[in-house]
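In this note's numbering, the protein residues as written are 1 to 254. From the three backbone atoms N, C-alpha and C, an ideal C-beta is built for every residue, glycine too. First up is the structure itself, then whatever we jot down about it.
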């Protein structure tokens, strides 16, 4: 379910969402929304929601893809059940996949809790070894998009690919347009899990990148780190039923 014009309440379902002074990815970040924080929605369009926080009534603009809707009853119920997370950070299981959340986030009063229609569970931190870009990238699922970010608390598309490949001792340039000049170009039908797919704007300039998985899946940072479908036309977003990015090339890195 996505937030729409009928919703007046919502909550932040990603670890940290930037709250901006204006409706632009390049606008000043005036504050942040943390996981589980409920908000009032004042205005909404395709790319931005004008919101105010409940606790301190701080106003700003947030990407609506980082929010999930609440009814007024669900909003009131969560206000009664929620509490601050005091740990520096912890991991939860969610309907959207695994997430890392930080101190100051809102959680339920036991290990299993519900926010609106979505169920969550606190889990113990796991030690893992990594063998593929896809496995590493999945740890970033639901990390909020942040221009210039490259951590589990905020990341952009090329920050994700650079961070993932660095764990495999493969150094990539910082920007997607620079990364698109590296590696070996491969045909669409020859793609393998771990290849990078690059995407272009109307001016044919590379502006986006993602990591290809099995069965034509792609993981990328758009609103938040998410898994979508890769086709010859670009990225197909099932949530809004459109192609969101135009494919430019696929490249392999070793």
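Contact belief for residue i with residue j at Cβ below 8 Å, rounded distance in angstroms
| i | j | result |
| --- | --- | --- |
| residue 102 | residue 89 | 5 Å |
| residue 258 | residue 179 | The structure shown does not extend to residue 258, since the chain spans only 1 to 254, so no value can be given for it. |
| residue 30 | residue 44 | Rounded, the Cβ-Cβ distance is 19 Å, inconsistent with contact. |
| residue 228 | residue 218 | 6 Å |
| residue 176 | residue 153 | At roughly 21 Å, the Cβ-Cβ gap does not stay under 8 Å, so residue 176 and residue 153 are not in contact. |
Secondary structure of residue i, DSSP reduced to three states
| i | result |
| --- | --- |
| residue 178 | helix |
| residue 195 | coil |
| residue 76 | helix |
| residue 165 | helix |
| residue 66 | helix |
| residue 54 | coil |
Counted within 10 angstroms of its Cβ, other Cβ atoms place residue i as buried (16 or more) or exposed
| i | result |
| --- | --- |
| residue 123 | exposed |
| residue 144 | buried |
| residue 240 | exposed |
| residue 192 | exposed |
| residue 226 | buried |
| residue 161 | buried |
| residue 66 | buried |
Among the options, nearest to residue i - alpha-carbon criterion
| i | options | result |
| --- | --- | --- |
| residue 223 | 217, 213, 208 and 232 | 208 |
| residue 311 | 35, 68 and 85 | In this structure the chain extends from 1 to 254, so residue 311 is not present and cannot be described. |
| residue 38 | 116, 23, 192 and 245 | 116 |
| residue 48 | 91, 34, 3 and 35 | 3 |
| residue 164 | 253, 73, 13 and 74 | 253 |
| residue 220 | 118, 142, 121 and 80 | 142 |
| residue 203 | 156, 246, 40 and 22 | 246 |
| residue 104 | 130, 85, 215 and 63 | 85 |
| residue 100 | 121, 113, 80 and 82 | 121 |
| residue 190 | 232, 80, 78 and 61 | 232 |
For residue i: DSSP bridge partner residues
| i | result |
| --- | --- |
| residue 99 | 92 |
| residue 106 | 84 |
| residue 10 | 39 and 69 |
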